[in-house]
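At position 47 of the sequence shown the residue is numbered 50 (this note's numbering), and the sequence of numbers has no breaks.
Built from N, CA and C at the ideal position, the CB exists for glycine as well.
Quantities reported herein were computed from a predicted structural model and do not represent experimental measurements.
First comes the structure, then the notes that go with it.
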Amino acid sequence: MTMMMKVTVNGEARELAPGSTVRALLLALGLGDTLVAVERNREIIPRAQHTSATVNDGDTLEVVHFVGGG
């Protein structure tokens, strides 16, 4: 039995495998190659760190993706 971490993403409770990265979260959300801004516990995670920054149990994340238009 694998223990899951509980995190909040855009106000919604989610479960992730321990040791998941920001990139893994984005893939799970279907946003793998989408240009997004990620905030973890009120700190911006630079895109270059998405593959190395880990998500921890209890983290609160906000993911914002950009929409073009005019």
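Of the residues the options, the one placed nearest residue i, counting alpha carbons only
i	options	result
D36	E46, T54, G22, G61	T54
V12	A56, D62, I48, G33	D62
L34	D60, G72, R50	R50
Pair within 9 Å by beta-carbon distance, residue i and residue j
i	j	result
R45	V25	no
V67	V10	no
M7	E18	yes
Buried or exposed (CB count within 10 angstroms, at least 16 for buried), residue i
i	result
L38	exposed
L28	buried
I47	exposed
L64	buried
V70	exposed
Which of helix, strand or coil DSSP assigns to residue i
i	result
V58	coil
L64	strand
A27	helix
R50	helix
Min CB distance residue i to chain D below 9 Å
i	result
G22	Absent here is chain D; the protein component of the structure consists of one chain.
Opening and closing residue of the beta strand (DSSP E) in which residue i lies
i	result
L19	15-19
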